[in-house]
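> As numbered in our numbering, residues 106 to 382 make up the sequence shown, in order.
We put the beta carbon where it would ideally sit given N, CA and C, even for glycine.
Nothing here was measured: the structure is a model prediction, and the numbers come from that model.
Please see the structure below; I have some questions.
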Amino acid sequence: MTAPAQTKANNTSKSLSVEDLSWSVAGRRVLDNISFGHQSGEVLGVIGPNGAGKSSLLRCLYSYLKPQQGSIQLFDKALNQYAPSELAQTLAVVLQHNQVESDANLLQWLALGRTPYRSWRASDQAQEMAIIEPLMARLDIGHLAQQSMSSLSGGERQRALIARALVQQPKLLLLDEPSNHLDIGHQIQIMQMIRSLSIGTIACLHDLNLASAYCDRLLILNQGKVHAIGTPAEVLTRDTLRHVFGVNAQISDSSPPYLKYCFPQENRAEDGGREHA
106 MTAPAQTKAN NTSKSLSVED LSWSVAGRRV LDNISFGHQS GEVLGVIGPN
156 GAGKSSLLRC LYSYLKPQQG SIQLFDKALN QYAPSELAQT LAVVLQHNQV
206 ESDANLLQWL ALGRTPYRSW RASDQAQEMA IIEPLMARLD IGHLAQQSMS
256 SLSGGERQRA LIARALVQQP KLLLLDEPSN HLDIGHQIQI MQMIRSLSIG
306 TIACLHDLNL ASAYCDRLLI LNQGKVHAIG TPAEVLTRDT LRHVFGVNAQ
356 ISDSSPPYLK YCFPQENRAE DGGREHA
């Protein structure tokens, strides 16, 4: 895997600020006093075991879920103060389980990503194509332009979903498992592209090695709480993997030194290794 340059997040302005965020369902607290900030241009990875609250956190960040406690500021404005069209021009989301039910071809479907910018007058098709076509080429889906969305494979559809989010030209991108359904080549392609964008990204990831290689910082969730936040070198430790994920692992440093590669060992941590409530 080619190591990216970890110098992207050098802007100190905050695109997102989360303070004391809590969300519960059916009497169970899924998110418990979550606080963190996201710097403009930063790639922040959200990692943690299944059920840690990663997807629920993302759903709060794009206003699908309404937290019972806490605040979310998006570019110094309360999230709940955004009008729908303004939010769609500011924030784009790719979910883990996105159902695409459309008879439109790929090109037509991607063009719908420009809806937040359209007025009652006819859209500027030339301008829209100038945005869409380079993204299709970059994500290796240009040859699928006339194919129906229903005919695409899982990997092709995942790349189309990411393209549609970028067609919105957002200031912040939220991704839930962006490498889902992708082969290793396209996983690396997507993560490299995310790093090259001028916009910030918050991505929920399961692959710790991808997270280490392509994220500026990692937010580790466990049982709905922030366990740690910092650079991959700071937070990906044997103790963290044992307590949060319940596995013993070998941590291998590479050059440059910020990269951490995690190799789970056969013997799983016994009870008492993973943290319990």
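Tell me which same chain residues have a C-beta within less than 7 Å of the C-beta of S190, skipping the five on either side of it?
P221
> Output needed for Q292: all residues of its chain with C-beta closer than 6 Å, excluding positions within five of it in sequence on either side, in chain order.
S284
> Taking the C-alpha atoms as reference points, what is the distance between G218 and C165?
21 Å
> Tell me which residues share the same chain as L346 and place their Cβ nearer than 6 Å to its Cβ, disregarding the 5 neighbours each side in the sequence.
V352 and A354, listed in sequence order.
> Grab the span of the alpha helix (DSSP H) containing C293 for me, first residue to last.
Cys is not the amino acid found at residue 293; the sequence shown has Ile there. Run containing I293: I289 to S301, per the alpha helix (DSSP H) assignment.
> Leaving out five residues on either side along the sequence, give the residues of the same chain with a beta carbon under 7 Å from the beta carbon of F141.
V123, L324, V331 and I334
> Within the same chain, show all residues whose beta-carbon is closer than 7 Å to that of D312, passing over the 5 residues directly before and after it, in chain order.
S284
> Terminal residues of the continuous beta strand (DSSP E) containing R322?
R322 to N327
> Could you tell me if Y169 is buried or exposed, where buried requires 16 or more neighbouring beta carbons within 10 angstroms of its beta carbon?
exposed
> Could you check the C-alpha separation between Q232 and E238 for me, to the nearest Å?
10 Å
> Using a 10 Å radius around the Cβ and a threshold of 16 neighbouring Cβ atoms, would you call G150 buried or exposed?
Taking all protein chains shown into account, G150 has 16 or more neighbouring C-beta atoms within 10 Å of its C-beta and is therefore buried.
> Looking at the strands, I want to know which residues DSSP matches up with T345.
None; T345 has no bridge partner.
> Could you pull out every residue in the same chain whose Cβ sits closer than 6 Å to the Cβ of W214, ignoring the five residues on either side in sequence?
S207 and M254
> Roughly how many angstroms separate the alpha carbons of Q111 and Y319, rounded to a whole number?
Confidence at Q111 is low in this model, with a pLDDT of 49, below 50, so its placement is unreliable and no value can be given for it.
> Would the beta-carbon of V148 fall within 8 Å of that of T342?
Between V148 and T342, the gap from beta carbon to beta carbon reaches 8 Å or more.
> Smallest Cα separation from R133: which of D344, V340 and Q328?
Q328
> Tell me, please, which residues DSSP counts as bridged to E124.
S176
> Helix or strand or just coil, what does DSSP make of Q144?
Correct three-state label for Q144: strand.
> Cα separation between L278 and T195?
9 Å
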